[in-house]
Amino acid sequence: MSAGWRTLLLRIGDRCPEYGGSADHKEHIETCYGVLCREYEHSKDAMFEFLLQCADQLPHKIPFFGVLIGLINLENEDFAKGIVDTTHANLQDALHNENRDRIRILLRFLCGLMCSKVVLPNSIIETFEALLSSAATILDEETGNPSWQPRADFYVYCILASLPWGGSELFEQVPDEFERVLVGIQSYISIRRHFDDIAFSVFETDEGNSPNKKDFIEDLWERIQVLSRNGWKVKSVPKPHLSFEAQLVAGVSHRFSPISCPPPTISQSSSEIVKGQEKHEADLKYPQRLRRLHIFPTNKAEKPYPLAVSRPETLSLLFSRLLCRSSSSSPLLSSALPVLVMVRRARAESRLRRSRRSRRKECAFYLVSLPVPFRYEYLMAETIFSQLLLLPNPPFRPIYYTLVIIDLCKALPGAFPSVVVGAVHALFDRISNMDMECRTRLILWFSHHLSNFQFIWPWQEWAYVKDLPKWAPQRVFVQEVLEREIRLSYFDKIKQSIEDAVELEELLPPKAGPNFRYHSDEGKESTDGHRLSKELVAMVRGRKTQGDIISWVDEKIIPVNGAKFALDVVSQTLLDIGSKSFTHLITVLERYGQIISKLCPNEEMQLLLMDEVSAYWKNSTQMIAIAIDRMMGYRLLSNLAIVKWVFSPANVDQFHVSDRPWEILRNAVSKTYNRIFDLRKEIQTLRKGLQAAKEASEKAARELEEAKSIIEIVDGQPVPSENPGRLRRLQARADKAKEGEVTTEESLEAKEALLARGLEESKELLRLLFKSFVEVLTERLPPISADGDVPNLRAGDPNVNSSARDPEATTMEIDNENGGDNDSQLNGQNKKISHNVGELEQWCLCTLGYLKSFSRQYATEIWSHIAMLDQEIFVGNIHPLIRKAAFSGLCRPTSEGSHL
């Protein structure tokens with residue numbers, strides 16, 4: 001029976017009208033309460049813990065759990081009082097440990113308890129005012145630290161987010177006090193600094209520069225004001241306590257003790273750099289809620305549409321039409337969306353966040369069974385894509401969302417695949433304005449997604465991109481997706497998948513295969529390189545040692561042909577030996593890496609080595625990236641050499657038409673900081689181990705001394721009374737413990753030395769990386785006009801106008817309810833898609849986008865060396881577009897405006 005009451009608690013409210021059902025929640029609550037009463041004496045403690053767990057893990061059912069606790073309060077006040085006290089302790093602990101999710105959910109739980117007469121309304125007001133007071137103190141220049149505004153914003157956000165769940169009851173029971181809280185929120189919003197999230201927008205437009213654009217807190221406050229004017233009525237929030245009001249009013253309401261917020265961190269310096277570092281730290285702990293990505297019209301999820309179609313192209317056409325947004329819609333209208341939408345989206349996001357803790361199959365099951373009274377496939381897709389494209393990082397690894405989308409497509413074969421098709425078309429139509437990091441994520445996701453569905457896609461709808469310039473973002477997107485698909489399959493399979501769009505064959509990469517310079521061919525003249533390559537192959541097959549081969553190179557090749565020729569022959573031959581598979585390549589590098597290391601003692605030779613790798617695998621971007629990455633892993637290549645190679649003229653010219661150089665650069669920077677992360681983790685483990693080893697050594701030494709100190713008199717002479725055998729064992733144990741302590745200490749010192757070296761390397765890496773960005777951009781960026789106007793790279797080149805077929809494009813609005821303009825194409829109208837941005841401008845846009853992406857991705861590491869970068873890189877008459885791209889990634893203010 002114990003499992004029965006748990007099951008009832010978990011299922012309570014599942015079929016209530018607010019969640020899309022028709023069952024009477026009152027009857028379900030009464031049944032559940034009756035079972036709880038019968039099991040109370042046997043399972044009181046278990047019920048107590050389980051109710052708290054349910055409120056934490058199923059926050060959308062808090063109103064129902066609140067009613068159950070309220071009914072129990074009628075019979076057992078101590079039980080309810082214990083719930084209130086435990087909630088207070090949990091909230092206090094969450095505040096000091098900065099557990100954001102728990103703070104938000106516990107405040108909602110308090111509102112649920114207040115609605116069921118378990119907690120006094122005045123106690124809720126006191127809690128809100130304590131949070132508001134702390135928020136206001138943080139913003140005070142003298143007593144607080146405005147750099148920590150993200151924490152203050154979070155406190156206010158938690159208050160606002162809880163009002164749909166308890167605002168009506170507070171308004172009815174303590175109207176004056178509640179009005180005081182709302183006035184305090186209004187006062188806080190009037191003095192806080194507006195948060196400009198342009199650096200974290202999925203799309204790079206000028207909307208982030210608009211002073212009238214509302215950030216998340218301002219937008220949420222406006223919605224709450226709309227809710228207030230509507231009498232605090234939220235249809236999607238259940239109100240089960242109203243059915244039991246006559247009973248609940250007889251219960252004793254308990255006081256919720258005052259809470260104390262952690263004191264603000266006082267800044268120790270007025271330096272702008274220190275303030276920037278503090279703000280970055282605050283942003284990491286309390287990340288701002290950013291603009292929501294709307295792929296579909298806001299009313300789309302409310303309408304049922306026929307989905308009796310199967311062909312992908314039919315689905316694409318259907319959803320292109322369905323996603324058409326009326327030209328009469330207004331940003332002002334959408335900015336006044338009811339809080340109902342906010343609550344629904346929050347519920348979907350919460351379900352997605354929490355369900356990931358289980359296996360992905362369970363995650364898909366929970367998402368499919370989301371208890372909402374409307375067609376939610378669109379909202380579900382928006383939520384998933386919003387998180388997948390969230391900047392600077394998604395909540396979970398991108399592969400998680402890939403698998404969830406695949407499982408949802410299989411679980412809802414008649415509905416969700418078509419929604420995904422519509423989302424992809426909408427994102428593709430805006431790809432030219434998409435952030436470079438988001439574009440890369442979308443390419444990786446899309447290629448992986450198609451690989452799980454036999455690479456079926458209506459490519460003929462995108463065949464027009466072949467006629468666009470080679471630098472057009474839509475063309476590059478299709479090209480990169482096809483290249484990634486080949487990695488996941490093979491060339492002929494992907495070529496067959498686009499047979500309905502033969503025009504796109506031009507975008508396929510060359511068929512992968514090695515380009516061995518010393519390949520044996522009867523019709524080809526044999527050279528010294530061919531002869532030496534054959535000798536090296538014979539030595540490898542003969543299992544010659546690395547020392548023998550190095551001696552052979554030193555004696556036979558270098559004296560006659562020079563070190564560069566030796567590197568050419570050795571690298572080409574070893575790459576050819578390892579060309580059969582990834583495993584062969586890794587084996588060759590492990591066995592013969594010292595030969596390459598001997599030939600590449602400096603960056604100049606390492607640059608030549610990467611040229612050789614690129615020449616050998618010129619038809620395989622994947623193998624170039626893997627080979628260079630593995631060589632860096634085996635310390636054959638330095639990260640600095642890789643950066644210099646990526647920014648060499650041949651690669652710089654590819655920045656806007658291929659992801660190849662950026663993939664290699666991303667891998668190098670990522671591996672550098674992954675090493676540092678791993679070293680810090682190992683050092684932390686070793687320090688704990690050293691402490692344990694010291695304690696074990698001291699204990700063993702103490703036991704040995706105690707044993708030796710016990711003596712007895714034999715023939716008038718003091719001798720140890722302990723058995724000699726035990727003394728020898730204790731001595732051996734003490735020696736072994738001391739040896740373990742010394743070994744651990746030596747390992748710790750070695751790891752700390754490696755960490756110091758890694759940190760110095762990372763500093764040099766950042767210096768070179770930003771210097772390289774500044775140099776190549778300075779050479780190519782259009783100059784500032786005589787009037788001081790910054791060039792608008794998106795204005796387009798009148799001499800470039802490549803148009804193509806007009807797909808019935810899906811539309812997408814990005815945070816229209818925040819007052820931003822929507823410049824997306826309208827659906828169902830025969831407009832031509834054109835690309836009139838010149839090649840130089842597109843190169844600048846791409847390179848600036850990647851500069852911002854690297855600054856944003858490694859902001860923590862960059863802030864540690866920002867003084868050095870300010871002194872050596874961001875000095876002089878640096879172009880304002882460069883400064884803006886780098887600084888916006890760091891959320892660092894800059895006075896120069898620009899058009900990116």
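Taking full-length UniProt numbering, the leading residue of the sequence shown gets 1, the next gets one more, and so forth.
Here a beta-carbon is modelled for each residue, glycine too, at the ideal position from N, C-alpha and C.
Ordered along the chain, which non-local residues of its own chain (more than five positions away) have a Cβ less than 6 Å from that of residue i?
| i | result |
| --- | --- |
| Phe516 | Asp576 |
| Phe773 | Leu851 |
In angstroms, rounded to a whole number, what distance separates the CA positions of residue i and residue j?
| i | j | result |
| --- | --- | --- |
| Thr127 | Ser134 | 11 Å |
| Arg311 | Ile498 | Confidence in Arg311 is poor, its pLDDT being 30 and thus under 50, which makes the residue's placement unreliable; the coordinate value appears in the next sentence. Cα to Cα, Arg311 sits roughly 15 Å from Ile498. |
| Leu869 | Asp14 | 56 Å |
| Val84 | Leu403 | 40 Å |
| Ala246 | Lys61 | 21 Å |
| Lys361 | Asp407 | 7 Å |
| Lys681 | Glu752 | 11 Å |
| Ala885 | Thr743 | 48 Å |
| Ser162 | Asn433 | 35 Å |
| Ser329 | Phe296 | In this predicted model, Ser329 has a pLDDT of only 29, less than 50, meaning its place in the structure is not dependable enough to derive any value. |
| Cys54 | Leu10 | 7 Å |
| Ser762 | Trp863 | 12 Å |
| Glu129 | Arg229 | 22 Å |
| Lys44 | Val249 | 24 Å |
| Thr383 | Leu444 | 18 Å |
Which stretch, first to last residue, makes up the alpha helix (DSSP H) that contains residue i?
| i | result |
| --- | --- |
| Pro649 | Pro649 to Val652 |
| Asp629 | Thr621 to Gly633 |
| Trp471 | Trp471 -> no alpha helix (DSSP H), and no H or E assigned at all. |
| residue 901 | Residue 901 lies beyond the stretch modelled for the chain, which goes from 1 to 900, so this question has no answer here. |
| Pro559 | Ile558 to Asn561 |
| Asp118 | Correcting the residue type first, residue 118 is Val in the shown sequence and not Asp. Taken as a continuous stretch (DSSP letters only), Val118 belongs to no alpha helix (DSSP H), as it is neither H nor E. |
| Tyr378 | Glu377 to Leu388 |
| Asn97 | Glu77 to Asn97 |
| Asp153 | Gln149 to Gln173 |
| Cys37 | His25 to Gln57 |
| Lys580 | Where Lys580 is concerned, there is no enclosing alpha helix (DSSP H), given that its DSSP letter is neither H nor E. |
Would you please verify whether the beta carbon of residue i is less than 9 Å from any beta carbon of chain D?
| i | result |
| --- | --- |
| Val646 | Among the chains of the structure shown, chain D does not appear; only one protein chain is present. |
Could you work out which residue in the options is closest to residue i when comparing CA atoms only?
| i | options | result |
| --- | --- | --- |
| Ile103 | Asp140, Tyr155 and Pro63 | Tyr155 |
| Asp789 | Lys708, Leu755 and His879 | His879 |
| Ile642 | Met610, Tyr673 and Val652 | Met610 |
| Lys736 | Ala700, Pro297, Glu27 and Gln460 | Ala700 |
| Asp492 | Asn667, Trp221, Phe455 and Ser418 | Phe455 |
| Cys261 | Asn619, Tyr464 and Leu95 | Leu95 |
| Ser697 | Ile29, Leu665 and Lys738 | Lys738 |
| His656 | Ala501, Phe854, Ala381 and Cys844 | Cys844 |
| Leu508 | Thr527, Val481, His530 and Gly529 | Val481 |
| Ser257 | Asn90, Phe416, Glu142 and Ala707 | Asn90 |
| Gly251 | Ser386, Lys81, Lys279 and Arg375 | Lys81 |
| Leu766 | Val119, Gln857 and Gly422 | Gln857 |
| Asn651 | Lys618, Leu139 and Gln173 | Lys618 |
| Cys111 | Leu848, Gln474, Pro63 and Pro150 | Pro63 |
| Asp176 | Val237, Ile125 and Glu142 | Ile125 |
| Ser447 | Leu160, Leu679, Gln479 and Lys466 | Gln479 |
Between residue i and residue j, is the Cβ-Cβ spacing less than 9 Å?
| i | j | result |
| --- | --- | --- |
| Lys694 | Glu741 | yes |
| Leu599 | Ser638 | no |
| Cys438 | Leu504 | no |
| Trp165 | Arg100 | no |
| Leu748 | Leu686 | yes |
| Ser520 | Lys511 | no |
| Leu52 | Thr87 | yes |
| Gly633 | Lys671 | yes |
| Pro264 | Asn145 | yes |
Whose C-beta lies closer than 7 Å to the C-beta of residue i among residues of the same chain, with five residues either side of it excluded?
| i | result |
| --- | --- |
| Val646 | Pro661, Ile664 and Leu665 |
| Arg487 | Gln622 |
| Ile557 | Leu532, Phe565, Ala566 and Val569 |
| Leu106 | Thr87, Asn90, Leu91 and Ala94 |
| Arg892 | Gly276 |
Report all residues from its chain with a CB closer than 8 Å to the CB of residue i; omit the five preceding and five following residues, and keep chain order.
| i | result |
| --- | --- |
| Phe244 | Lys26, Ile29, Val67, Gly70, Leu71 and Ser116 |
| Phe677 | none |
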